[in-house]
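Heads up: the protein sequence lines correspond to chains A and B, in order. The opening residue of the first sequence carries number 16 in this note's numbering; numbering runs sequentially from there. The opening residue of the second sequence carries number 724 in this note's numbering; numbering runs sequentially from there. Just so you know, even glycine gets a beta-carbon here, dropped at the ideal spot from N, CA and C.
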Amino acid sequence: MNINNIIKLIKAYFYENWRNDLIYSFGIMVALSLIMTIVSNNPDLTGIKIAAIVFMVYYPCRFFSKLHQPSSRIHFLMTPVTNAEKVVSGMFLTNIYFVAGIVLSVLIGQILGYGIVNMYKPDIFAIPYGIHNLGEFLKWQVLPYDGEAVLMFFAGISIMFFAAIYFKKSPFWKLLLAGFVISLVFGAIMAGTEWLNVLLTVPAEIRNGHYYKVEHNIATSSDWFMYVAYSVTIVYFYVMSFLRMRETEA
Amino acid sequence: MIQLNNVEFGYDKNRKLFNGVNWQLEPGHLYGLLGRNGAGKTTLLKIMTGLLFPQAGDALIDGEPAHKRTAQQLSDIYFLQEEIYVPHLKIKQFEEAFAPFYPHFSHEQFVEYLTKMEMDNMLGFIDKFSHATNGLDIPTKSIFRKIMAAYADEQKTVIISTHQVRDLHSLIDAVSILDNGRMILNAPGDVITDKLLFDVDDQKAQAGKLYYSEETPRGIYQVKENVNHIDSALDLELLFNAAVQNKQEFTELFK
Numbered sequence: 016m017n018i019n020n021i022i023k024l025i026k027a028y029f030y031e032n033w034r035n036d037l038i039y040s041f042g043i044m045v046a047l048s049l050i051m052t053i054v055s056n057n058p059d060l061t062g063i064k065i066a067a068i069v070f071m072v073y074y075p076c077r078f079f080s081k082l083h084q085p086s087s088r089i090h091f092l093m094t095p096v097t098n099a100e101k102v103v104s105g106m107f108l109t110n111i112y113f114v115a116g117i118v119l120s121v122l123i124g125q126i127l128g129y130g131i132v133n134m135y136k137p138d139i140f141a142i143p144y145g146i147h148n149l150g151e152f153l154k155w156q157v158l159p160y161d162g163e164a165v166l167m168f169f170a171g172i173s174i175m176f177f178a179a180i181y182f183k184k185s186p187f188w189k190l191l192l193a194g195f196v197i198s199l200v201f202g203a204i205m206a207g208t209e210w211l212n213v214l215l216t217v218p219a220e221i222r223n224g225h226y227y228k229v230e231h232n233i234a235t236s237s238d239w240f241m242y243v244a245y246s247v248t249i250v251y252f253y254v255m256s257f258l259r260m261r262e263t264e265a
Numbered sequence: 724m725i726q727l728n729n730v731e732f733g734y735d736k737n738r739k740l741f742n743g744v745n746w747q748l749e750p751g752h753l754y755g756l757l758g759r760n761g762a763g764k765t766t767l768l769k770i771m772t773g774l775l776f777p778q779a780g781d782a783l784i785d786g787e788p789a790h791k792r793t794a795q796q797l798s799d800i801y802f803l804q805e806e807i808y809v810p811h812l813k814i815k816q817f818e819e820a821f822a823p824f825y826p827h828f829s830h831e832q833f834v835e836y837l838t839k840m841e842m843d844n845m846l847g848f849i850d851k852f853s854h855a856t857n858g859l860d861i862p863t864k865s866i867f868r869k870i871m872a873a874y875a876d877e878q879k880t881v882i883i884s885t886h887q888v889r890d891l892h893s894l895i896d897a898v899s900i901l902d903n904g905r906m907i908l909n910a911p912g913d914v915i916t917d918k919l920l921f922d923v924d925d926q927k928a929q930a931g932k933l934y935y936s937e938e939t940p941r942g943i944y945q946v947k948e949n950v951n952h953i954d955s956a957l958d959l960e961l962l963f964n965a966a967v968q969n970k971q972e973f974t975e976l977f978k
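This is the structure we're talking about:
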């Protein structure tokens, strides 16, 4: 694998897309600023966070949109770098560039929103969340996510990454369907793991006991499994993406 | 060198488009690939460039399977089809973004071609080249032919697939005709004119086998066996009609 080729691909991507990316980022910032201004009295940001995560997970689709039209597919497939280099450059853009871009846009948008609110309602800006400076603000925004959630997020990206290469037509709807099916499967695996864990580790008399509480045991013992499961998922889907890219025809 | 050895391919499993196509392309030639609509010319070019994978047989570029699409192979070949992806970039940006992928790229040559084609934007440039000679006015056709002639050298292989055969005949030096899933003719122009005589006469040929004739107000255009090895100008349209009417004989004649 040649790092120069990966850099060339990323550079070519920027040449083609920097304007659009800038417009989207600006759009997110403006939208967030407005939302923060409007909901400043009772800002529940869960929906915004979910929307941002969906954006980020959906972004591989955007990177591989070239594969979804015959003429651009030929252009992409015939770009003189190896399939592995194409996949790796896509991984960089979807896992680092897009994620960083959206996180920054969301944060700047929110800060702008708070700024606007602060101009006409100075009491609301600092008091509800104790946001006294940018450091506090970032800490409040970013740190609540634990390792498992981060891994789950990157596993989501890897699945969408594969799907964006795999589906040639209507990738968006197929991705949604694939996402739904995958969440069902993951949900079933998680539920099954917890059930199995309780079954194997907790004696029947306690398990069936009136005052039994399983929350702590289940959480600690299934954590490692989920870490492994998400890591395996990430590796699996990137390997599959490479294999699929190798077999993609015009 | 590009080689297709017994290539089989079909979009439908039950209906093969190619049933054992053999084709060998040498460097230093400008090939004209002819065939009816739906004969599979574009498909064949896609197989040669690794964009489609043969279901049987081999497509090789310098001895390596084309479907591997290695960086080296891809930097040595380019496939320009009718509908082409045009990024929203200015020419300078396009060059900066994509030229680094091609080690043999020459900025001077690029500028020279653009100047000759009087192009100042990427869309027009690619559009003109992708449509080859279709839709070009007469002076631009002439410029296009000059550029292609200057571009082709001893190390390059150029294949042009078009129905505009009259624009091609002064440009190409080898002809390949694809029909019914087989390559029925693949030969240099001089070999063709050595074996076939392209003639226009008041009456049909008496000497030698007549492969094809076409009556026009100017006389009878004919393709006949060149018994006496007389020099004649290659007429691609007549050659194509003669070849599709005499597949078996042409295959044997140009083996």
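Less than 8 Å between the C-beta atoms of residue i and residue j, yes or no?
{"i": "A/Phe176", "j": "A/Thr109", "result": "yes"}
{"i": "B/Leu748", "j": "B/Thr916", "result": "no"}
{"i": "B/Glu819", "j": "B/Phe833", "result": "no"}
{"i": "B/Gly763", "j": "B/Phe741", "result": "yes"}
{"i": "A/Met93", "j": "B/Thr772", "result": "yes"}
{"i": "B/Leu908", "j": "B/Asn949", "result": "no"}
{"i": "A/Val118", "j": "A/Thr52", "result": "no"}
{"i": "B/Tyr935", "j": "B/Val946", "result": "yes"}
{"i": "B/Ala782", "j": "B/Val730", "result": "yes"}
{"i": "A/Ile25", "j": "A/Phe107", "result": "yes"}
{"i": "B/Pro810", "j": "A/Glu100", "result": "no"}
{"i": "A/Ile180", "j": "A/Met260", "result": "yes"}
{"i": "A/Ile22", "j": "A/Val103", "result": "no"}
{"i": "B/Leu894", "j": "B/Gly758", "result": "no"}
Looking at chain B, is there any beta carbon in it that lies within less than 8 Å of the beta carbon of residue i?
{"i": "A/Pro143", "result": "For A/Pro143, the predicted structure reports a pLDDT of 42, less than 50, and the residue's modelled location is therefore unreliable. The matter cannot be settled from this model."}
{"i": "A/Ala234", "result": "The predicted model places A/Ala234 with a pLDDT of 47, which falls under 50 and marks its position as unreliable; any figure quoted below should be read in that light. Cβ-Cβ to chain B under 8 Å: no for A/Ala234."}
{"i": "A/Met16", "result": "no"}
{"i": "A/Ala179", "result": "no"}
{"i": "A/Phe189", "result": "A small fix is needed here, since residue 189 of chain A is Lys in this sequence, not Phe. Taking Cβ atoms only, chain B never reaches closer than 8 Å to A/Lys189, which makes this a no."}
{"i": "A/Val103", "result": "no"}
{"i": "A/Ile25", "result": "no"}
{"i": "A/His90", "result": "yes"}
{"i": "A/Ala67", "result": "no"}
{"i": "A/Tyr251", "result": "no"}
Would you decide whether residue i is buried or exposed? Buried here means 16 or more other CB atoms lie within 10 Å of its CB.
{"i": "A/Gln125", "result": "buried"}
{"i": "B/Gly751", "result": "exposed"}
{"i": "A/Ile204", "result": "exposed"}
{"i": "B/Tyr801", "result": "exposed"}
{"i": "A/Ser246", "result": "exposed"}
{"i": "A/Asn98", "result": "buried"}
{"i": "B/Pro777", "result": "buried"}
{"i": "B/Ile770", "result": "buried"}
{"i": "A/Ala234", "result": "Model confidence at A/Ala234 stands at a pLDDT of 47, short of 50, so the residue's coordinates are unreliable; what they give is reported in the following sentence. By the 10 Å Cβ count, A/Ala234 comes out exposed."}
{"i": "A/Trp210", "result": "exposed"}
{"i": "B/Phe828", "result": "exposed"}
{"i": "A/Leu214", "result": "exposed"}
{"i": "A/Tyr28", "result": "buried"}
{"i": "A/Glu262", "result": "exposed"}
Using the DSSP secondary-structure output, state which residues sit across from residue i in a beta bridge.
{"i": "B/Ala897", "result": "B/Tyr754, B/Pro911"}
{"i": "B/Gln796", "result": "Answer is none; B/Gln796 lacks a bridge partner."}
{"i": "B/Ala779", "result": "B/Glu731"}
{"i": "B/Ile784", "result": "B/Ile725, B/Glu787"}
{"i": "B/Phe741", "result": "B/Phe732"}
{"i": "B/Arg905", "result": "B/Asp902"}
{"i": "A/Val243", "result": "A/Val243 is not bridged to any residue."}
Counting only C-beta atoms, is residue i closer than 8 Å to chain A at any point?
{"i": "B/Lys769", "result": "yes"}
{"i": "B/Tyr808", "result": "yes"}
{"i": "B/Pro823", "result": "yes"}
{"i": "B/Thr974", "result": "no"}
{"i": "B/Ala880", "result": "Reading off the sequence shown, one finds Thr at residue 880 of chain B, where the question assumed Ala. Chain A contact via Cβ: absent."}
{"i": "B/Glu819", "result": "yes"}
{"i": "B/Ala762", "result": "no"}
{"i": "B/Pro940", "result": "no"}
{"i": "B/Leu740", "result": "no"}
{"i": "B/Arg792", "result": "yes"}
In the DSSP assignment, find the beta strand (DSSP E) that holds residue i and state where it starts and stops.
{"i": "A/Thr52", "result": "Looking at the DSSP string, A/Thr52 is not in any beta strand (DSSP E); the run it does join, the alpha helix (DSSP H), is 18-53."}
{"i": "B/Val881", "result": "880-884"}
{"i": "B/Asp890", "result": "Here B/Asp890 belongs to no beta strand (DSSP E); instead the alpha helix (DSSP H) covers 888-891."}
{"i": "B/Ser936", "result": "933-939"}
{"i": "B/Gly942", "result": "942-948"}
What are the boundary residues of the alpha helix (DSSP H) that includes residue i?
{"i": "A/Asn133", "result": "113-135"}
{"i": "A/Glu100", "result": "98-107"}
{"i": "B/Phe802", "result": "Counting along the chain, B/Phe802 falls outside any alpha helix (DSSP H), and DSSP gives it neither H nor E."}
{"i": "B/Leu919", "result": "Where B/Leu919 is concerned, there is no enclosing alpha helix (DSSP H), although the beta strand (DSSP E) it sits in stretches over 919-924."}
{"i": "B/Ile861", "result": "861-874"}
Is residue i near the ligand NAP - that is, is its Cβ less than 7 Å away from at least one heavy atom of it?
{"i": "B/Phe828", "result": "Questions concerning the ligand NAP fall outside what the structure shown contains, since it holds no ligand whatsoever."}
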